[in-house]
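Peer 1: Sharing a structure, written as structure tokens. Questions coming.
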Amino acid sequence: RMMHPDFRHRYSVLAADEANSSPDAKKCAEAILGKLVSQQKLSDDNYKMGDTKVFFKAGVLARLEDIRDEVLKVIMTKFEAYIRWYCGLVDRKRRLEQNAAMLLLQRNIHMWCSLRTWEWFKLYTKVRPMLREGKIAEQMEKLNEKLKSLEDGIEKETKLRKELEDNSVKIQAEKADLLSQLESVRAQLNEAEERVKRESGLKGDVDKQLEELNDKLAQTEG
Numbered sequence: 250r251m252m253h254p255d256f257r258h259r260y261s262v263l264a265a266d267e268a269n270s271s272p273d274a275k276k277c278a279e280a281i282l283g284k285l286v287s288q289q290k291l292s293d294d295n296y297k298m299g300d301t302k303v304f305f306k307a308g309v310l311a312r313l314e315d316i317r318d319e320v321l322k323v324i325m326t327k328f329e330a331y332i333r334w335y336c337g338l339v340d341r342k343r344r345l346e347q348n349a350a351m352l353l354l355q356r357n358i359h360m361w362c363s364l365r366t367w368e369w370f371k372l373y374t375k376v377r378p379m380l381r382e383g384k385i386a387e388q389m390e391k392l393n394e395k396l397k398s399l400e401d402g403i404e405k406e407t408k409l410r411k412e413l414e415d416n417s418v419k420i421q422a423e424k425a426d427l428l429s430q431l432e433s434v435r436a437q438l439n440e441a442e443e444r445v446k447r448e449s450g451l452k453g454d455v456d457k458q459l460e461e462l463n464d465k466l467a468q469t470e471g
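For the sequence shown, our numbering begins at 250 and goes up steadily by one.
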């Protein structure tokens with residue numbers, strides 16, 4: 250036997266919608282059991298509803314625990330699969346962003362290095378103080394603008410790289426947090442399984458003692 254609120258709390262995983270269908274714990278317990286009967290996991294004669302408790306035949310609670318364990322295992326398997334998928338997706342996105350940023354930086358740095366060794370640039374640095382007017386001065390001004398544009402591009406790419414590195418650190422932290430949550434859920438599941446085993450063993454002893462008392466009572470009446 251089990252109190253209605255306790256039954257709803259423990260076996261809500263078997264019928265989540267029914268467990269929250271009413272503020273009345275008894276109605277919720279009836280709805281949960283009704284769903285289990287409709288799924289042919291239980292039959293109507295396996296239990297009886299009381300005003301404050303649900304009464305079960307011998308062995309029915311053990312069957313309910315087995316059903317609950319199977320449902321929890323399915324939930325954990327799906328949760329683990331989702332975590333692995335999400336972590337893989339995050340890692341792939343991080344690597345793609347890093348590769349794209351590195352290629353862009355390499356291209357711009359290569360252009361900058363090539364320009365610094367360009368003979369016209371060397372000449373420009375030498376004759377710039379003497380230039381005042383004319384076509385050469387105009388060409389040098391355009392070259393200066395190009396240099397400025399390249400410098401701005403490198404500055405932006407450097408900033409982008411730093412942002413990507415910061416995002417990578419954040420993503421790794423989120424990944425570690427998810428893995429930590431997964432380990433915590435696993436530990437809780439293991440603890441629940443151990444508690445169920447202990448309760449099942451204790452219930453078996455009580456059922457055995459009850460059966461012996463019934464036998465003695467039958468012999469006495471006989």
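For every residue, glycine included, the Cβ atom is placed at its ideal position computed from N, Cα and C.
1) DSSP state of K302, grouped into three classes?
2) So which of R365, N439, R333 and M389 has the shortest CA-CA distance to D426?
3) Out of curiosity, what's the CA-to-CA distance linking L259 and K424?
4) Can at least three beta-carbon pairs, one atom from the segment 429-444 and one from the segment 302-311, be found at a separation below 8 Å?
5) Three-state secondary structure (DSSP) at K297?
6) Which residues does DSSP list as the beta-bridge partners of M251?
7) I want to know whether the segment 307-323 touches the segment 384-398 - three or more CB-CB distances under 8 Å.
8) Excluding five sequence neighbours on each side, which residues of the same chain lie with their C-beta closer than 8 Å to the C-beta of E406?
9) Straight-line CA distance for I420 to M252?
10) Which class does W361 belong to by DSSP, given the choice of helix, strand or coil?
11) Taking 8 Å as the threshold, find out whether the segment 285-296 comes into contact with the segment 333-343 through three or more Cβ pairs.
12) Assuming K276 is part of the alpha helix (DSSP H), what are its boundary residues?
13) Go through the segment 400-434 residue by residue and report every complete run of the alpha helix (DSSP H) that reaches 4 residues or more, in order.
14) Using only the alpha-carbon positions, how far apart do N269 and E319 sit?
15) To which residues of the same chain is R365 closer than 8 Å at the C-beta, ignoring the five residues directly before and after it?
16) Taking A265 as part of the alpha helix (DSSP H), name the residues at either end of that continuous run.
17) To which residues of the same chain is M360 closer than 7 Å at the C-beta, ignoring the five residues directly before and after it?
18) Please classify C362: is it buried, with 16 or more other beta-carbons within 10 angstroms of its beta-carbon, or exposed?
19) Between D255, F328, V309 and L409, which has its C-alpha nearest L428's C-alpha?
20) Would you tell me roughly how many angstroms separate the C-alpha atoms of K284 and N348, rounded to the nearest one?
21) Expressed to the nearest angstrom, what Euclidean distance is found between the alpha-carbon atoms of D464 and K457?
Peer 2: Judging by the given coordinates:
1) Here residue 302 refers to the residue found at position 53 of the sequence shown. Three-state result, K302: strand.
2) Within the sequence shown, numbered from 1, the residue matching residue 426 stands at position 177. Nearest C-alpha to D426: R333.
3) The residue given as residue 259 occupies position 10 in the sequence shown. The residue given as residue 424 occupies position 175 in the sequence shown. Note that residue 259 corresponds to Arg in the displayed sequence, not to Leu. Each residue's Cα considered, the two are about 31 Å apart.
4) no
5) Here residue 297 is taken as the residue at index 48 of the sequence shown, counted from 1. Three-state DSSP puts K297 in a strand.
6) The residue you call residue 251 lines up with position 2 of the sequence shown. DSSP lists V303 as partners of M251.
7) no
8) In the sequence shown, residue 406 corresponds to position 157, counting from 1. The residues are A350, L353, L354 and N357.
9) Counting from 1 along the sequence shown, the entry for residue 420 is found at position 171. Counting from 1 along the sequence shown, the entry for residue 252 is found at position 3. So the two alpha carbons sit approximately 45 Å from each other.
10) Counted from its first residue, the sequence shown places residue 361 at position 112. The answer is helix: DSSP assigns W361 an H, G or I state.
11) no
12) Residue 276 sits at position 27 when you count from the first residue of the sequence shown. Unbroken alpha helix (DSSP H) run through K276: A274 to S287.
13) none
14) Here residue 269 refers to the residue found at position 20 of the sequence shown. Here residue 319 refers to the residue found at position 70 of the sequence shown. One C-alpha to the other measures close to 21 Å.
15) As a working note, residue 365 is residue 116 in the sequence shown. Cβ neighbours of R365 beyond the five flanking positions: none.
16) Taking the first residue of the sequence shown as 1, we reach residue 265 at position 16. Unbroken alpha helix (DSSP H) run through A265: A265 to A268.
17) For the purposes of this step, residue 360 is taken as residue 111 along the sequence shown, with counting starting at 1. Cβ neighbours of M360 beyond the five flanking positions: L399.
18) For this step, residue 362 is matched to residue 113 along the sequence shown. Exposed, since its Cβ has fewer than 16 Cβ neighbours within 10 Å.
19) Locating residue 428 in the sequence shown gives position 179, where the first residue counts as 1. Among D255, F328, V309 and L409, the Cα nearest to that of L428 belongs to F328.
20) Position 35 of the sequence shown, counted from the first residue, corresponds to residue 284. Position 99 of the sequence shown, counted from the first residue, corresponds to residue 348. Going from the Cα of K284 to the Cα of N348 covers about 53 Å.
21) On the sequence shown, residue 464 is found 215 positions in, with the first residue counted as 1. On the sequence shown, residue 457 is found 208 positions in, with the first residue counted as 1. If I take the Cα positions, the gap works out to 11 Å.
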